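At position 456 of the sequence shown the residue is numbered 456 (the UniProt record's numbering), and the sequence of numbers has no breaks. What follows is a single structure, written as structure tokens, with notes after it.
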Amino acid sequence: MSAPDLFRLSAAEMAAGVRTRRFRARDLVAASLERIAALDGALKSFITVAPDAALAAAEAADRRVEAGAPLGPLHGVPVGVKDLTLTAGLRTTYGSTLYADLIPDTDDLSVARLKAAGAIIVGKTNTPEFGFGAITGNELCGPTANPYDLDKTSGGSSGGSAAAVAAGLVPLAQGTDFGGSVRTPASFCGVVGLRPTPGRIPSPGRALAWDGLATQGFLARDVADAALALAAVSGPDPRDPTSLPVPEWTVPDLDALDPLSLRVAWSTDLGSALVDLGLAERFEAVMRGLDGRFGDFVEATPDCREASAAFGTLRAAHIFHTYGRTLEQDGDRLSPSVAWNIARGKGLTAADYLRAEAQRSALYRRFAAFFRDHDILMTLSASVPPFPNAQGDVTEINGFRLSTIIDYLAITYTVSLIGFPCLSIPCGWTADGLPIGLQLIARPYEEDRLLRCARFLERELGFRHRWPEGM
């Protein structure tokens, strides 16, 4: 294969090619860096690129191949890491001028495990300041563009990772997801976005050890690569009390699915989320096309009442706990949107917090009861199509004013609240030629079923990434 075509390979194909000596890790990293140099001036998907370190790591990877040393499942594969995640020796800014020069001396556990699997970090992908924002942009880098329309947003807050993967700068990128920050960008950029069960990817460095709202995940161009990355970083860690055992499934197992064994439910809006009418129409057409493909296929949803109230309170409390001191000390250096996000939690009481946790508990039990009769729930991954970066926030849908600037995420944050694993996969296109994402939801700990269903849709029905025109 010629060097200019290497970027089109999946992560699995890249690792296999290095392992069998079809090409070198250096070839892959060089191709990634060339792609970044050619396209990222317009995309702004990377906030920091590390060419020297990446090429040095690639040369070390090639020496391991030559020596016949054991190789990891991602050996030689160039990847991106969201700039909310610590990377030793590589600038980590959190998208904020407050940390413009921060160079950590340790890796986040997920980064360490990616490296142990052989992955090569080529740079840090863009994020809104501290991850707060409907678009992925900040004063350090500017806004990340959507590869399918450079005037549109890639979504927030893992939009840098999603855009980089969609445009072929890297085959795989790490992201984080609190209320939809992996799934929304995946939908906007036409890639796979995986948010696993909380604890599947341990996060020993987070401020609240038992926090299940925020998780790490991955953006990829196909389901198998997302599964490969998840398998590489999963497994218990004693510093994270929520961490889970290594999953029993393997990536090749993902093709082992009888779709007629699945009981699938679908809902356009989970019964309560505002959804763009054009998206709803196209989603429902996709659902009609799936009728007869599964053992059971019905329109149904759990009762999602009080999800917005619960998420708004819990999110505000968590953010103020983490960033309240930053607001007090450096509030004048924060963007208005970030300051608003932090300040929302300042006046909350213990009673407010416990009320929200009670609402969350009730929601979880309703979902658990629903999933006794269904194996998979399908809905949209985003309530709106990609919008102009210049717009900034989503304040209305279908002419209805939203209560807050986070309410457009109701279709995803409802799932974050209950901790069920979920995944976004491309399922169609808007009238303007922009991607639409399908969100799949499974029972806790059943990433294997989730990935198998997504793999079936991708392989048999063509629900897959399509290269942006001109890229």
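Positions of the beta carbon are idealized from the N, C-alpha and C atoms, including for glycine. The structure displayed is predicted, hence computed values, not measured ones.
In the three-state scheme derived from DSSP, where H, G and I count as helix and E and B as strand, residue 223 is classed as helix. One Cα belongs to residue 235, the other to residue 401, and the distance between them is close to 43 Å. Rounded to the nearest angstrom, the gap between the Cα atoms of residue 54 and residue 112 is 15 Å. Judged by DSSP secondary structure, residue 340 falls outside any beta strand (DSSP E) and instead within the alpha helix (DSSP H) spanning 336 to 343. Sequence-distant Cβ neighbours of residue 287 in its own chain, meaning closer than 6 Å and more than five residues away, are 266. If the five residues before and after residue 58 are omitted, its C-beta is found closer than 6 Å to the C-beta atoms of 25, 26, 29 and 120, all from its own chain and listed in chain order. Cα atoms of residue 220 and residue 292: separation of roughly 28 Å, rounded to the nearest angstrom. In this structure, residue 98 keeps its C-beta atom at 9 Å or more from the C-beta atom of residue 92. Between residue 450 and residue 436, the C-beta gap is not smaller than 9 Å, which leaves the two residues out of contact. Taking every protein chain shown into account, the CB of residue 300 has fewer than 16 other CB atoms within 10 angstroms, so this residue is exposed. Sixteen is the threshold: since fewer than 16 other Cβ atoms of the shown chains lie within 10 Å of the Cβ of residue 246, the residue is exposed. Using a C-beta cut-off of 8 Å, the stretch 324 to 339 makes no contact with the stretch 350 to 364, since fewer than three inter-stretch Cβ pairs fall below that distance.
Here residue 217 really is in contact with residue 182; their C-beta atoms are around 4 Å apart, less than 8 Å.
DSSP, reduced to helix, strand and coil, places residue 146 within a strand of the structure shown.
Leaving aside the five residues that flank residue 163 on each side, the residues in its chain whose CB is nearer than 6 Å to its CB run, in chain order, 43, 45, 144, 147, 154 and 189.
No Cβ-Cβ contact shorter than 9 Å links residue 106 with residue 158. Here residue 334 is buried. Its C-beta has 16 or more other C-beta atoms within 10 Å. DSSP links residue 216 through a beta bridge to 176. In chain order, 197, 419, 420 and 421 place their CB closer than 8 Å to the CB of residue 444, counting only its own chain and leaving out the 5 sequence neighbours on each side. Sorting 201, 178, 233 and 207 by C-alpha distance to the C-alpha of residue 213 places 178 at the top.
Scanning the stretch 82 to 133 from its first residue to its last, the whole alpha helix (DSSP H) runs of 4-plus residues come out as 109 to 116.
About 5 Å separates the beta carbons of residue 438 and residue 425, which is inside the 8 Å limit, making them a contact pair. Taking a contact as a CB-CB distance under 8 Å, the pair residue 15 and residue 80 does not count as one, their CB atoms being some 16 Å apart. Sequence-distant Cβ neighbours of residue 455 in its own chain, meaning closer than 6 Å and more than five residues away, are 223 and 254. A residue is called buried once 16 or more other Cβ atoms fall within 10 Å of its Cβ, and residue 446 is buried on that count. In the DSSP assignment, residue 388 is bridged to 152.
When DSSP states are grouped into helix, strand and coil, residue 423 belongs to the strand group. With a cutoff of 9 Å on beta-carbon distance, residue 169 and residue 32 are scored as near each other.
The Cβ atoms of residue 308 and residue 272 sit closer than 9 Å to each other.
Taking the Cα of residue 133 as reference, the smallest distance to any Cα among 414, 342 and 433 is reached at 342. According to DSSP, residue pairing for residue 194 in a beta bridge involves 218 and 423. Bridge partners of residue 439 according to DSSP: 379 and 424. The Cβ neighbour count for residue 261, taken over all protein chains shown within 10 Å, is under 16; the residue is labelled exposed. Between the alpha carbons of residue 353 and residue 96 lies a distance of about 28 Å.
By the neighbour-count criterion, in which a residue is buried when 16 or more other Cβ atoms sit within 10 angstroms of its Cβ, residue 185 is buried. Taking C-beta atoms as the reference points, residue 123 and residue 172 fail to come closer than 9 Å.
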